[in-house]
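Note sheet for the following structure.
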Amino acid sequence: MANELETLKPGEFYSEALGCRFTLPEPFRLRHVEQYEAGRDKAKAAGAQFAPSINWTGAVEIIEDWECEALPDPHNLSPADLKDVHGRAMQIVMWVSSQVNVYVLAKLYIPKN
């Protein structure tokens, strides 16, 4: 596992425990932020109120190179479906939504001089 983590590049994410790997666009551009926010808005319009559900829907808009045996196609989970997610799929949604949200926020961070 250590060797696997050492080879990750910016925008690459891997969880051995969940058996999932994905990438986000690099370089990360303003259009990717817009896609992420549009996905989040779509979740809110569908009635989502729980942050991971909202962030998941945004994440799916910008995820590339998805590999996950337990959840082969992240696009199959609509905002309405997320309310009934449980078990391994719920853990994947929580992990991915958190990782992508932190990544996007870090890209938007402007350091103070």
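Sequential numbering from 1046 applies to the sequence shown in the numbering used here.
A virtual CB, placed ideally from N, CA and C, is assigned to each residue, including glycine.
Values in this document were obtained by computation on a predicted structure and should not be read as measured data.
#### Entry: Contacts around A1047, its chain only, beta-carbon distance under 6 Å, and the 5 residues preceding and following it disregarded
Working through the sequence shown from its first residue, we reach residue 1047 at position 2. In this prediction, A1047 has a pLDDT of 47, which is less than 50 and means its spatial position is unreliable; nothing more can be read from the coordinates.
### Sequence-distant residues of the same chain with beta carbon closer than 6 Å to V1145, five excluded per side
Working through the sequence shown from its first residue, we reach residue 1145 at position 100. Listed in chain order, the non-local C-beta contacts of V1145 below 6 Å within the same chain comprise A1104, local neighbours out to five positions each way being set aside.
#### Entry: Cβ shell of A1125 (< 8 Å), same chain only, five flanking positions each side left out
Residue mapping note: residue 1125 aligns to position 80 of the sequence shown, counting from 1. Only A1091 and G1092 meet the Cβ criterion.
### Any 3 or more C-beta pairs closer than 8 Å across the region 1120-1137 and the region 1095-1103
yes
### Task
Tell me where the alpha helix (DSSP H) around D1110 begins and ends.
Numbered from its first residue, the sequence shown carries residue 1110 at position 65. Segment E1109 to C1113 is the beta strand (DSSP E) holding D1110; no alpha helix (DSSP H) there.
### Task
Measure the CB-CB distance between I1155 and C1065 and report whether it falls below 7 Å.
Along the sequence shown, one-based indexing puts residue 1155 at 110. Along the sequence shown, one-based indexing puts residue 1065 at 20. No, the pair does not count as a contact, with Cβ atoms beyond the cut-off.
### Task
Report the rounded CA-to-CA distance for R1074 versus P1097, giving the unit in angstroms.
Taking the sequence shown and counting its residues from 1, the one referred to as residue 1074 is at position 29. Taking the sequence shown and counting its residues from 1, the one referred to as residue 1097 is at position 52. So the alpha carbons of these two residues sit roughly 23 Å apart.
### Query
Which residues mark the beginning and the end of the alpha helix (DSSP H) in which E1082 is found?
In the sequence shown, residue 1082 corresponds to position 37, counting from 1. L1075 to A1090 is the span of the alpha helix (DSSP H), which, as asked, contains E1082.
### Task
Measuring alpha carbon to alpha carbon, tell me which of Y1081, T1052 and E1057 ends up nearest L1153.
Against the sequence shown, residue 1153 aligns to sequence position 108. That would be Y1081, whose Cα lies nearest to the Cα of L1153.
### Query
Taking the alpha-carbon positions, what's the S1143 to F1058 distance?
Start at 1 with the first residue of the sequence shown, and residue 1143 comes out as number 98. Start at 1 with the first residue of the sequence shown, and residue 1058 comes out as number 13. Taking the CA atoms as reference points, S1143 sits about 11 Å from F1058.
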